[in-house]
């Protein structure tokens, strides 16, 4: 009953209700993607070993990213365990090492992510920007509406000393992107981890396309859910797929060939 009361209380907030209704519509089966089998087969066929690829691109930065991921997980574990004891589970991170590596090498002046949740990917990007001494991150999310005061959990694991490079909006992608992407905004690195439906992904790609630099790199999580990443990536100069904890991450964009040339020039790829 407590969870029901919390959901009803959050639904009474005008900025929450439209997004909550859209999520409920999808979960009831409307707009359900029927492509999962084909998407999973395609992803599995193209999947490469992430650790081998990262080491081949830049072994020093890859080790740096892995060490950061372990240290950060250890640092925030006590706080997350206390939350879990109180019945709050914010989930874990996915592809943290990959995002750290890409941020360090692409050196984006501006990066964009959707789907912050606890903030694992956010922290990886911001920590790599700190190492680069350059860059800002724009993030879009929507609160965990089953929790009381849900905004306080967005980016929960992001350290305070990284937040000065971070702009966060929390009203759902459709509203957030209107605020974050002004006509002259150009983005070098994108991480998509929000609405996993076909419509959600297609909307995002249409909305963000005019704001991508020619050398951008785009990362999309859970590409096994539908074929949107395949359709987008096969029109790009290159793409890569990596299996991660039973799911698949896709990487593509005009900047990927230049990124991989680091490994080719050193004879590692």
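Numbering (my numbering), first residue to last: 332 to 600. Positions of the beta carbon are idealized from the N, C-alpha and C atoms, including for glycine.
Endpoints, beta strand (DSSP E) assigned at residue i
i           : result
residue 419 : Here residue 419 belongs to no beta strand (DSSP E), and DSSP marks it neither H nor E.
residue 547 : 543-552
Residue i classed as buried or exposed, judged by whether at least 16 other C-beta atoms fall within 10 angstroms
i           : result
residue 422 : exposed
residue 384 : buried
residue 552 : buried
residue 597 : exposed
residue 571 : buried
residue 592 : exposed
residue 439 : buried
residue 517 : exposed
residue 444 : buried
residue 470 : buried
residue 360 : In this prediction, residue 360 scores a pLDDT of 48, lower than 50, which makes its location untrustworthy; the coordinate-derived value is nonetheless stated afterwards. It is exposed - the Cβ of residue 360 has fewer than 16 other Cβ atoms within 10 Å.
residue 437 : buried
residue 464 : exposed
residue 590 : buried
residue 442 : buried
residue 428 : buried
residue 388 : buried
residue 474 : buried
residue 400 : buried
Opening and closing residue of the alpha helix (DSSP H) in which residue i lies
i           : result
residue 456 : 451-463
residue 386 : 381-388
residue 432 : 427-437
residue 304 : Residue 304 is absent from the structure shown; the chain starts at 332 and stops at 600.
residue 561 : 559-564
residue 587 : 587-596
residue 494 : Residue 494 -> no alpha helix (DSSP H), and no H or E assigned at all.
residue 482 : Per DSSP, residue 482 belongs to no alpha helix (DSSP H) and is neither H nor E.
residue 506 : 504-511
Opposing strand residues paired with residue i [DSSP bridges]
i           : result
residue 470 : 444 and 499
residue 527 : DSSP output for residue 527 lists no bridge partner at all.
residue 581 : 551 and 572
residue 520 : 442 and 548
Chain B within 8 Å of residue i, Cβ atoms only
i           : result
residue 537 : This model lacks chain B altogether; it includes just one protein chain.
Contact the stretch 555-573 vs the stretch 524-537: 3+ CB pairs below 8 Å = yes
query = Within the chosen definition, does the stretch 519-526 reach the stretch 430-443 through at least 3 CB pairs nearer than 8 Å?
reply = yes
query = Taking one C-beta from the stretch 492-506 and one from the stretch 401-416 each time, how about it: are there three or more such pairs within less than 8 Å?
reply = no
ask   = How do the stretch 477-487 and the stretch 448-461 stand: do at least 3 beta-carbon pairs fall below 8 Å, yes or no?
value = yes
query = Do the stretch 395-405 and the stretch 454-468 meet, that is, are 3 or more Cβ pairs less than 8 Å apart?
reply = yes
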